[in-house]
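J.:
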Amino acid sequence: MIEPERDTVYVLHWGDLTSTVRMLASAKTLRQVHKRDRIVLLTTPEFESFLKHSPFFNAIEIDARPDGRPQTVARDKRLKAAHPTRVYDLVGDNTSRKLKGLFRFSKCDWLEILPSRKSGEHPVDEIAGRLNATIGLGPAHFPLGGAPSPDASWVDFLARKSRMLDPEYFGLNGPFALLAPAGDDVKPALRWPKEKWANLAHELLQAGITPALVGGPDTREIGRYVSQVAPGARDITGKAKLPQLAGLARRTRFVFGEDTPLLHLLVAAGAPALALYAGVEDPALNAPRGDAPVILMHAPVLAQVAPSEAMAAMRFAGGFSDSTAAA
């Protein structure tokens, strides 16, 4: 029996890590709607190594915003030749508007699902409502925290294929916590002092939990400092890729960090978390979203938050329980 030809659906999205993680909520909904269709994500190269493992897409194309005109021409020809039945524009910038012009005489449905930026809603809730209203599925408005969260739990499948996602690969044996400090490019007023990171690491070690510091190359200095001041803490800063970090988040007791893009990924993977905010009127409107509890701590100056308060909040969030997100 010959299988019927599947329709092709394009999803356009490019941005920073925070918006990419939030996009996973929409991607999961679109996968449920277009169960039999071929969904292609048109994006940029930064997060391909992570997104290519997602079950929400059949293919990833990374020439969304190429530098050279020959690449642009090749991309445009490929898009037109694919004859997509629908394009979901989750960007709404000049590049996506130019791509829209390619299909002005075709039967392709071009659907813009864009945040208003002035709605007073969390971006995940707002986009979920706009997407539902566009495709006629579910409520068109969600209360704060009511929309489905971004989902990166699918890294469990990748973990079964590669030991590079195992905690043991990074020398983590037994219960551990992920500490995700902000990098050097963040203003000092928005960062927790390195001495408090070291104190927290010491308290975790005393509680029988190994602290593991994670982040990009801009967090290496604080990673080295904490691992030196609190012997037993693991410094993984600059050493793990996004799939590996998501894999660690599936096994961690909890995550602790300032408001950073990486924190959004770790929470979407399913880890309970404590997020620090300074100078934000309502952090709930920008907080990381996931299936596990997320505790928000807001202080005019982050240095006012004591490590003992962080420990107490994590106990309240279930961070010291014996279960982790992944089986």
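Heads up: the sequence shown begins at 75 in the working numbering, then just goes up one per residue. Here a beta-carbon is modelled for each residue, glycine too, at the ideal position from N, C-alpha and C.
(1) Examine the ligand ATP and report whether any of its heavy atoms sits within less than 8 Å of the Cβ of residue 139.
(2) Touch check for the stretch 97-104 and the stretch 167-183: three-plus C-beta pairs under 8 Å?
(3) Just to confirm my understanding: we take residue 357, look at its own chain, exclude 5 residues before and 5 after, and list those with CB closer than 6 Å. What are they?
(4) Unbroken alpha helix (DSSP H) runs of length 4 or more, entirely within the stretch 321-356: which are they?
(5) What residue range is occupied by the uninterrupted beta strand (DSSP E) comprising residue 250?
(6) Check residue 375 in the structure and name its three-state DSSP category.
(7) Given this structure, state the Cα-to-Cα distance separating residue 81 from residue 320, to the nearest angstrom.
(8) Are the Cβ atoms of residue 90 and residue 335 separated by less than 9 Å?
(9) With a CB to CB cut of under 6 Å and the five nearest residues on each side skipped, what residues in its chain are close to residue 292?
(10) What's the gap between the Cα of residue 312 and the Cα of residue 147?
(11) Which runs of the alpha helix (DSSP H), 4 residues or longer, sit entirely within the stretch 154-241?
(12) What do you reckon, are the CB atoms on residue 284 and residue 255 nearer than 9 Å?
(13) Could you tell me which uninterrupted beta strand (DSSP E) segments, each at least 3 residues in length, are contained entirely in the stretch 98-159, listed from first to last along the chain?
(14) Take residue 23 as the anchor and find which of 184, 322, 163, 344 has the nearest alpha-carbon.
(15) Could you compute how far the alpha carbon of residue 273 sits from the alpha carbon of residue 233?
(16) Out of curiosity, what's the CA-to-CA distance linking residue 264 and residue 309?
(17) Which class does residue 391 belong to by DSSP, given the choice of helix, strand or coil?
(18) In or out: residue 225 buried (at least 16 other Cβ within 10 Å) or exposed?
T.: For this structure:
(1) Annotation note on the ligand ATP: not contained in the displayed structure, which lists no ligands.
(2) no
(3) 351, 370, 372
(4) 335-342
(5) 250-254
(6) coil
(7) 31 Å
(8) yes
(9) 257, 258, 259
(10) 36 Å
(11) 168-175, 197-209, 229-235
(12) no
(13) 112-116, 133-135
(14) Here the chain covers residues 75 to 401 and nothing more, so residue 23 does not appear.
(15) 32 Å
(16) 22 Å
(17) coil
(18) buried
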